[in-house]
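A.B. asks: In UniProt numbering, the protein residues as written are 1 to 239.
1. Buried or exposed for residue 180, please, with buried defined as at least 16 other CB atoms from any protein chain shown within 10 angstroms of its CB.
2. Which runs of the beta strand (DSSP E) spanning at least 3 residues fall entirely within the stretch 31-80, listed in chain order?
3. Taking Cβ to Cβ, would you say residue 105 is nearer than 8 Å to residue 190?
4. Tell me the rounded alpha-carbon separation between residue 22 and residue 192.
5. Which residue's Cα is closest to the Cα of residue 50: 70, 91, 14 and 102?
6. Under a Cβ-count criterion, where at least 16 other Cβ atoms within 10 Å of its own Cβ denotes burial, should residue 86 be classed as buried or exposed?
7. Just to confirm my understanding: we take residue 153, look at its own chain, exclude 5 residues before and 5 after, and list those with CB closer than 6 Å. What are they?
8. Would you mind working out which of 185, 77 and 210 sits nearest residue 113, comparing C-alpha positions?
9. What does the alpha-carbon distance come out to for the pair residue 79 and residue 201?
10. Could you spell out the range, first to last residue, of the beta strand (DSSP E) harbouring residue 202?
11. Strictly by DSSP, which residues pair up with residue 185?
12. At 3 residues or longer, and completely inside the stretch 124-171: list those beta strand (DSSP E) runs for me, N to C.
13. As a quick exercise: from 64, 182, 128 and 75, pick the residue whose alpha carbon is nearest that of residue 97.
14. Which residue's Cα is closest to the Cα of residue 198: 99, 148 and 103?
15. At least one CB of chain C closer than 8 Å to the CB of residue 75: is that the case?
16. Less than 8 Å between the CB atoms is what I'm expecting for residue 20 and residue 35, so what's the real figure, rounded?
17. Which class does residue 20 belong to by DSSP, given the choice of helix, strand or coil?
18. Mind checking whether residue 74 and residue 66 have CB atoms under 8 Å apart?
19. Rounded to the nearest angstrom, what separates residue 33 and residue 47 at their Cα positions?
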């Protein structure tokens, strides 16, 4: 069954935390739709900033948006100007006070979303998909990943019939719940249709208790007034 399930969802509450942390209530559907709108807006607005995950936390009057990125300088801007602009734009979407936190991804080669986005971008630029995938696998293994698998599906090289190809190095134990496996699906838009790029990265195994937060191992970056917000410089994490 581990082969057919999203590895992140399969480990929620065990070694992974949720990316939306709030109490639903009667307006659960509205909040869920708003979270999706926020994430889509941030990924479109910051398409060149190597954004991986967007974690959203809510209280009665405050929405805390935490962005994980490999290029925090682009989001923060000179003197924090860009992050302040983003904060005002998110205020219009939510109608509430917004706090923006930025966490830097030190090793983007081990982030499944960023690896998939890199492969997809190279394919869109007409680089051979085999070359792009093999380079991504080699980079991840150099950064001490225990295993990586990349699968690409669609009309590869413009073929009339769609097919799938998978490339793997190391081990990916999908049925082992303590295995810290990152997963992402990214689409590449080409002249002959869309290609799906799936990435699994095995980072190691987790023994004992672990904080259930998607931000484990990331370092926080400060940017202007909205980098600290209400509650000072402490990052708010789900216990």
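From the three backbone atoms N, C-alpha and C, an ideal C-beta is built for every residue, glycine too.
C.D. replies: Result, derived from the coordinates:
1. As a position in the chain shown, residue 180 is number 180, starting the count at 1. Residue 180 sits buried, since 16 or more C-beta atoms from the chains shown fall within 10 Å of its C-beta.
2. 51-58 and 62-69, all fully within the stretch 31-80.
3. For this step, residue 105 is matched to residue 105 along the chain shown. For this step, residue 190 is matched to residue 190 along the chain shown. Annotated as distal: residue 105 and residue 190, with beta-carbon spacing of 8 Å or more.
4. Working through the chain shown from its first residue, we reach residue 22 at position 22. Working through the chain shown from its first residue, we reach residue 192 at position 192. The C-alpha of residue 22 lies about 41 Å from the C-alpha of residue 192.
5. In the chain shown, counting from the first residue as 1, residue 50 sits at position 50. Residue 70 is the option with its Cα nearest to residue 50.
6. The sequence position of residue 86 within the chain shown is 86, counting from 1. That one is buried.
7. As a working mapping, residue 153 is identified with position 153 in the chain shown. Cβ neighbours of residue 153 within its own chain (closer than 6 Å, five residues either side excluded): 164 and 196.
8. Walking along the chain shown from the start, residue 113 turns up at place 113. Of the candidates 185, 77 and 210, 185 places its Cα closest to the Cα of residue 113.
9. In the chain shown, residue 79 corresponds to position 79, counting from 1. In the chain shown, residue 201 corresponds to position 201, counting from 1. Cα atoms of residue 79 and residue 201: separation of roughly 35 Å, rounded to the nearest angstrom.
10. By one-based count along the chain shown, residue 202 stands at place 202. Note, residue 202: beta strand (DSSP E), 193-205.
11. By 1-based counting over the chain shown, the position of residue 185 is 185. Paired residues: 198.
12. Entirely contained in the stretch 124-171, the beta strand (DSSP E) runs reaching 3 residues are, in chain order, 147-154 and 163-170.
13. In the chain shown, residue 97 corresponds to position 97, counting from 1. Comparing Cα-Cα distances from residue 97 to each of 64, 182, 128 and 75, the minimum goes to 64.
14. Translated into positions along the chain shown, residue 198 becomes position 198. That would be 148, whose Cα lies nearest to the Cα of residue 198.
15. Chain labels in this structure do not include chain C; a single protein chain is all it has.
16. On the chain shown, residue 20 is found 20 positions in, with the first residue counted as 1. On the chain shown, residue 35 is found 35 positions in, with the first residue counted as 1. Going by Cβ atoms, the distance from residue 20 to residue 35 rounds to 5 Å, so yes, they are a contact pair.
17. As a first step, residue 20 is located in the chain shown; it is residue number 20 there, counting from the start. DSSP places residue 20 in strand when its eight states are reduced to three.
18. The sequence position of residue 74 within the chain shown is 74, counting from 1. The sequence position of residue 66 within the chain shown is 66, counting from 1. By the CB criterion at 8 Å, residue 74 and residue 66 fall outside the cutoff.
19. Translated into the one-based positions of the chain shown, residue 33 becomes position 33. Translated into the one-based positions of the chain shown, residue 47 becomes position 47. So the alpha carbons of these two residues sit roughly 21 Å apart.
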